[in-house]
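This report refers to the structure that appears directly beneath it.
2 protein chains.
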Amino acid sequence: MAATVYAQSPSRPSWLDPYRETAAKLIHESSRDDFAWRRLAELTDTFGHRLSGSENLERAITWAEATMKRDGLQNVRTEPVMVPKWVRGRESAEILNPPHHPMAMLGLGGSVGTPAGGIEADVLTVSSFDEVRSRAADARGRIVLFNAPFTTYSDTVTYRTNGARVASQLGALAVLVRGVGPAGLRTPHTGSVQYGQGIPPIPAASISTEDADRIARLSAAGTRVRVRLAMEARTEPDVESANVVGEIRGRERPDEIVLLGGHIDSWDVGTGASDDGVGCIVTWEAARLMAKLGIAPRRTIRIVLWTNEENGLRGATAYAARHAAHASNHVFALESDSGVFDPASLGFSGSAAARSIVRDIGSLLTQLGLSDIVAGGGGADIGPIAQAGNAPMMAYLGNPTRYFAIHHTPADTVERITSQEVSKAAAAIAVMAYVIADIPERLPR
Amino acid sequence: MAATVYAQSPSRPSWLDPYRETAAKLIHESSRDDFAWRRLAELTDTFGHRLSGSENLERAITWAEATMKRDGLQNVRTEPVMVPKWVRGRESAEILNPPHHPMAMLGLGGSVGTPAGGIEADVLTVSSFDEVRSRAADARGRIVLFNAPFTTYSDTVTYRTNGARVASQLGALAVLVRGVGPAGLRTPHTGSVQYGQGIPPIPAASISTEDADRIARLSAAGTRVRVRLAMEARTEPDVESANVVGEIRGRERPDEIVLLGGHIDSWDVGTGASDDGVGCIVTWEAARLMAKLGIAPRRTIRIVLWTNEENGLRGATAYAARHAAHASNHVFALESDSGVFDPASLGFSGSAAARSIVRDIGSLLTQLGLSDIVAGGGGADIGPIAQAGNAPMMAYLGNPTRYFAIHHTPADTVERITSQEVSKAAAAIAVMAYVIADIPERLPR
Numbered sequence: 223m224a225a226t227v228y229a230q231s232p233s234r235p236s237w238l239d240p241y242r243e244t245a246a247k248l249i250h251e252s253s254r255d256d257f258a259w260r261r262l263a264e265l266t267d268t269f270g271h272r273l274s275g276s277e278n279l280e281r282a283i284t285w286a287e288a289t290m291k292r293d294g295l296q297n298v299r300t301e302p303v304m305v306p307k308w309v310r311g312r313e314s315a316e317i318l319n320p321p322h323h324p325m326a327m328l329g330l331g332g333s334v335g336t337p338a339g340g341i342e343a344d345v346l347t348v349s350s351f352d353e354v355r356s357r358a359a360d361a362r363g364r365i366v367l368f369n370a371p372f373t374t375y376s377d378t379v380t381y382r383t384n385g386a387r388v389a390s391q392l393g394a395l396a397v398l399v400r401g402v403g404p405a406g407l408r409t410p411h412t413g414s415v416q417y418g419q420g421i422p423p424i425p426a427a428s429i430s431t432e433d434a435d436r437i438a439r440l441s442a443a444g445t446r447v448r449v450r451l452a453m454e455a456r457t458e459p460d461v462e463s464a465n466v467v468g469e470i471r472g473r474e475r476p477d478e479i480v481l482l483g484g485h486i487d488s489w490d491v492g493t494g495a496s497d498d499g500v501g502c503i504v505t506w507e508a509a510r511l512m513a514k515l516g517i518a519p520r521r522t523i524r525i526v527l528w529t530n531e532e533n534g535l536r537g538a539t540a541y542a543a544r545h546a547a548h549a550s551n552h553v554f555a556l557e558s559d560s561g562v563f564d565p566a567s568l569g570f571s572g573s574a575a576a577r578s579i580v581r582d583i584g585s586l587l588t589q590l591g592l593s594d595i596v597a598g599g600g601g602a603d604i605g606p607i608a609q610a611g612n613a614p615m616m617a618y619l620g621n622p623t624r625y626f627a628i629h630h631t632p633a634d635t636v637e638r639i640t641s642q643e644v645s646k647a648a649a650a651i652a653v654m655a656y657v658i659a660d661i662p663e664r665l666p667r
Numbered sequence: 223m224a225a226t227v228y229a230q231s232p233s234r235p236s237w238l239d240p241y242r243e244t245a246a247k248l249i250h251e252s253s254r255d256d257f258a259w260r261r262l263a264e265l266t267d268t269f270g271h272r273l274s275g276s277e278n279l280e281r282a283i284t285w286a287e288a289t290m291k292r293d294g295l296q297n298v299r300t301e302p303v304m305v306p307k308w309v310r311g312r313e314s315a316e317i318l319n320p321p322h323h324p325m326a327m328l329g330l331g332g333s334v335g336t337p338a339g340g341i342e343a344d345v346l347t348v349s350s351f352d353e354v355r356s357r358a359a360d361a362r363g364r365i366v367l368f369n370a371p372f373t374t375y376s377d378t379v380t381y382r383t384n385g386a387r388v389a390s391q392l393g394a395l396a397v398l399v400r401g402v403g404p405a406g407l408r409t410p411h412t413g414s415v416q417y418g419q420g421i422p423p424i425p426a427a428s429i430s431t432e433d434a435d436r437i438a439r440l441s442a443a444g445t446r447v448r449v450r451l452a453m454e455a456r457t458e459p460d461v462e463s464a465n466v467v468g469e470i471r472g473r474e475r476p477d478e479i480v481l482l483g484g485h486i487d488s489w490d491v492g493t494g495a496s497d498d499g500v501g502c503i504v505t506w507e508a509a510r511l512m513a514k515l516g517i518a519p520r521r522t523i524r525i526v527l528w529t530n531e532e533n534g535l536r537g538a539t540a541y542a543a544r545h546a547a548h549a550s551n552h553v554f555a556l557e558s559d560s561g562v563f564d565p566a567s568l569g570f571s572g573s574a575a576a577r578s579i580v581r582d583i584g585s586l587l588t589q590l591g592l593s594d595i596v597a598g599g600g601g602a603d604i605g606p607i608a609q610a611g612n613a614p615m616m617a618y619l620g621n622p623t624r625y626f627a628i629h630h631t632p633a634d635t636v637e638r639i640t641s642q643e644v645s646k647a648a649a650a651i652a653v654m655a656y657v658i659a660d661i662p663e664r665l666p667r
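These protein sequence lines are chains A and B, in that order. Following my numbering from start to finish, the first sequence increments by one per residue and tops out at 667. Following my numbering from start to finish, the second sequence increments by one per residue and tops out at 667.
Put into structure tokens, the structure is as follows:
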């Protein structure tokens, strides 16, 4: 499915003339050096992965708050949020027969563990929910492998999310899910699993595409494949975490908010560089550039680094609850949670009137290659407040092929992102946010 | 360094005319289906990795012997070889400070283990032997990280092979080596380490390029990086293994040998598909194609699947010792131990007279894209016997960029090799071996 590109506006809409110089300054300042990339490396090198409930996450939050203050952002604060604490523990999955073969695996976030010693059973390999339902008798007492080839994330993530529930209803003992991503280098992809009300939760893990293919080939050849899955995974009581908030205070209408952000938590593998360290850094950087250049737009630019996007969305929910009375003051919300890999684009969701304005602003981003605004903006973290306030939404969208190759894997690390990609995203977000925050009338709903 | 391509010969040397029809048949038969690829998948799926001393290796050897017999090869047998037994055991490497970060690592084959509980020390990061020697005082009592960026395998493998010896002489406690290969997806590369006479052996492990970069960035920023390395690695007494041998017996000069092969052992990660399951399969397939088509050349074609190439070369040494009296009967030796990834080539080492003949035979491989023979043939397994017998040597050389991306890693699996790549290699080796085995005079030394 190709993205819908809104027809480009005339190349120099005259209403933008008052903003051209400042936009050019923001773009120039962002591209001057690799400051933002180095900040991303500092975040990921110093704190590593940042799963909800971990010390790493809380240390990163403390650092972000202190660093935002040093940047000269205003009203910098944390807003407390109770978050779930899921703990992976030790885990393994191995083919026992034919001869012992340890698989590349990751338990799915939120999964229950196995009994000590693991679950040992024959594997039933299926490639769809229809197939497992049609083989219900074979699923009972087995470990079900959902081996659906990756097409798009939205099409195939359902096996990771819902596979355990469906298989449990058929009496399966556990599920393995082919990694939701293109083939890597024996790379498993974690992510959350969801259980159903009244359905016994069964352990769920992701395995690499290569290991899934191996089981599938053996099964197709009529070989009985026996697997042992052992997981210490458990959920502990909720703990306190926080959203980090900082602002460029509006000079005329400080109560009207242009909301920007990403999520500071990550899965507990890799270092959460693309998901979503970089989303935090580029939105934060947009505000830092304004602070540095002394730009004070008409409305307030608010940066939020949400906690617990990955396995609970508690940060987003808490923000929407805490700011419910001011939901309608959110005039625009932008989230960066799809990485910044080139070629990137900006996606937008809102009324035709708002679209027309945003499309015009896009013309300021021509030198960044981001002038065409595509259909579809939003994000898990901005969703609740934007919905409550009926705010137009935008997403910074990195190249999905490169993103999903490392999404939720141990390979989500900083060095595969270039400093140019980071600077470009920060510049584009800064220009878009600045103009929307500064135009005389608020962006139409 | 670009490969030297010998000047191509006239496109249709007339002396080859008697061989054109058979060569075409071999190429056609090889390309008809994915038989050879499926055999490679059977080997790697059924037996997995095949480290010397493992049950997997011995089961694969038994299977290969039985399967060669079923193929109709002659004089199929195993020739016993005592091989080292190195056992990896559990292992881990983690950054302790800044906060805990488990690294993607693999102990190096042959390494000693650490004391129980591991070795904990600050890291000294260097990028060359010169640098570590110039910082000898800093190396003492530390874990030394050799962080030399990958250029070519031959240029950078020295840190894996010799790093422990050099660092031990300076009083280091252990070494970490940046994976010898291009950046993967947090992919560590194992391989053997060599200790020196009279120098205390210290534990040695490979870490992923991403983890090496992270330590290097932290060290460059002045952060003290503390690491714990824990390895249960140990060497047990030698055990019996075997080379697998099968032949197409020569119709006129059965004592003159055209030797083809790869090594059946592998490292204990991945499934040893490219290194070197595929080398075994394509050379064996060359003989199977001849048996199937009823081709009996003048001289004997001998296939050897050597054991213990990776960590001892005992199979090659034993073969050379056992057949020492007949070394000079080896008229030609070809090894496939560089994978078969496209674009591939054939490399040759021998006299000018032999080169001229081999170059002519290359013209029969035009449709396979392999007509240009490049300089440099040989292989670790054919080396000892070919040297003893002064035999011309050839190597089937897969694309090194793709090969070294997965070399000695958990990602060395069958699905990244295409059936076309396997069939092409088998066809080229079959044609080359058949003509050399059939020409009236033996290939000049």
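Every residue, glycine too, gets a C-beta built ideally from N, C-alpha and C. Small disclaimer: the values here were computed from a predicted structure and weren't measured.
ask   = Per DSSP, what kind of secondary structure is R450/A in: helix, strand or coil?
value = It is a strand residue.
message = Using beta carbons (cut-off 8 Å, strictly below), is A326/A in contact with chain B?
response = Residue-level contact check: A326/A touches chain B, since one or more beta carbons of chain B fall below 8 Å from its beta carbon.
task = Under the assumption that D582/A contacts P235/A (Cβ atoms under 8 Å), give the Cβ distance between them as a whole number of angstroms.
result = That belief holds up - the Cβ atoms of D582/A and P235/A are roughly 4 Å apart, short of 8 Å.
ask   = How would you call I639/B, buried or exposed, if buried means at least 16 neighbouring beta carbons within 10 angstroms?
value = I639/B should be labelled buried.
ask   = Per DSSP, what kind of secondary structure is G584/B in: helix, strand or coil?
value = If DSSP states are grouped into helix, strand and coil, G584/B belongs with the helices.
message = If contact is defined by three or more beta carbon pairs under 8 Å, each pair taking one atom from either stretch, is the segment 532-544 of chain B in contact with the segment 300-313 of chain B?
response = Flag = yes, the segment 300-313 of chain B and the segment 532-544 of chain B touch.
task = Please list the partners that P371/A has in chain B, where partner means a Cβ-to-Cβ separation under 7 Å.
result = What P371/A touches in chain B: nothing, since even the nearest Cβ is about 12 Å away.
request  = Starting from the Cα of D435/B, find the closest Cα among S573/B, P240/B, Y417/B and T347/B and give me that residue.
outcome  = Of all alpha-carbon atoms in S573/B, P240/B, Y417/B and T347/B, the one lying nearest the alpha-carbon of D435/B is that of T347/B.
query = Can a CB atom of chain B be found closer than 8 Å to the CB of D435/A?
reply = With a threshold of 8 Å between beta carbons, D435/A makes contact with chain B.
task = With 8 Å as the threshold, decide whether the Cβ of D487/A is near any Cβ in chain B.
result = Interface flag for D487/A against chain B is unset, since no Cβ pair is found closer than 8 Å.
request  = Could you give the DSSP three-state label for V348/A: helix, strand or coil?
outcome  = When secondary structure is reduced to three states using DSSP, V348/A falls in the strand class.
ask   = At what residues does the alpha helix (DSSP H) containing D460/B begin and finish?
value = Per DSSP, D460/B belongs to no alpha helix (DSSP H); it is in the beta strand (DSSP E), R456 to I470.
query = Can you give the Cα-Cα distance for A315/B and V449/B, rounded to whole angstroms?
reply = In a straight line, the C-alpha of A315/B is about 7 Å away from that of V449/B.
query = How would you write the range of the beta strand (DSSP E) that L556/A sits in, first residue to last?
reply = L556/A -> beta strand (DSSP E) spans H552 to S558.
task = Answer yes or no: do I651/A and T505/A have a C-beta to C-beta separation smaller than 8 Å?
result = Yes, the Cβ-Cβ distance between I651/A and T505/A is below 8 Å.
inquiry  = Against chain B, does D344/A count as a neighbour if the rule is that its beta carbon must be under 8 Å from one of theirs?
reply    = False, the Cβ-Cβ gap to chain B never drops below 8 Å.
message = As a quick exercise: from R456/A, E557/A and R510/A, pick the residue whose alpha carbon is nearest that of I249/A.
response = Nearest option by C-alpha distance: R510/A.
request  = For the alpha helix (DSSP H) holding A649/A, just list the boundary residues, first then last.
outcome  = Unbroken alpha helix (DSSP H) run through A649/A: S641 to D660.
CB contact check: N621/A to chain B, cutoff 8 Å = No, N621/A does not count as interfacial toward chain B.
query = Looking at the unbroken beta strand (DSSP E) that takes in D477/A, where does it start and where does it end?
reply = Where D477/A is concerned, the enclosing beta strand (DSSP E) starts and stops at R475 to H485.
ask   = With a CB to CB cut of under 6 Å and the five nearest residues on each side skipped, what residues in its chain are close to L392/B?
value = Excluding residues within five positions, the ones whose Cβ falls inside 6 Å are A358 and A361.
query = Can you check whether the CB of L328/B is closer than 8 Å to the CB of A513/B?
reply = By the CB criterion at 8 Å, A513/B and L328/B fall outside the cutoff.
key: Residue burial classification, A229/B (beta-carbon count within 10 angstroms, cutoff 16)   = Below a pLDDT of 50, predicted positions are generally treated as unreliable, and A229/B, at 48, falls in that range; the measurement from the model is reported next regardless. That one is exposed.
task = Kindly indicate if chain A contains any beta-carbon less than 8 Å away from that of A204/B.
result = Because residue 204/B is not part of the residues shown, which for chain B are 223 to 667, the question remains open.
query = Under 8 Å between C-beta atoms, does T409/B make it to chain A?
reply = It does: the Cβ of T409/B has a partner Cβ on chain A nearer than 8 Å.
key: chain A within 8 Å of I639/B, Cβ atoms only   = Not closer than 8 Å to any Cβ of chain A, the Cβ of I639/B fails to qualify, so no.
ask   = Cβ of F269/B less than 8 Å from any chain A Cβ?
value = For F269/B, the answer is yes, since a Cβ of chain A falls inside 8 Å of its Cβ.
message = Are there any heavy atoms of the ligand NAP lying less than 7 Å away from the beta-carbon of D582/A, as far as the coordinates show?
response = Here there are no bound small molecules, and the ligand NAP is not part of this structure.
inquiry  = Can you tell me where the alpha helix (DSSP H) holding V388/A begins and where it ends?
reply    = Per DSSP, V388/A belongs to the alpha helix (DSSP H) from Y375 to Q391.
inquiry  = I'd like the ranges of any beta strand (DSSP E) spanning at least 3 consecutive residues and lying wholly in the segment 283-356 of chain B.
reply    = Qualifying beta strand (DSSP E) stretches, in chain order: 296-309, 313-319, 327-329 and 341-348.
request  = Thinking Q419/B and N384/B are a contact (beta carbons under 8 Å), I'd like their distance in whole angstroms, please.
outcome  = Between Q419/B and N384/B, the beta carbon gap of about 13 Å keeps them out of contact (Cβ cut-off 8 Å).
ask   = Taking the DSSP output, what are the residues bridged to V504/A?
value = Paired residue(s): none; V504/A is not in a bridge.
task = Mind listing the chain B neighbours of N278/A? Cutoff is C-beta to C-beta under 7 Å, in chain order.
result = Correct list: P321.
key: A597/B, DSSP secondary structure in three states   = A597/B: strand per DSSP, three-state reduction.
ask   = For chain A, is any of its Cβ atoms less than 8 Å away from the one on G275/B?
value = Judged by the 8 Å Cβ criterion, G275/B is not in contact with chain A.
inquiry  = Only counting the same chain, and skipping five residues up and downstream in sequence, which positions put a Cβ closer than 6 Å to that of I503/B?
reply    = A258, R261 and L262, listed in sequence order.
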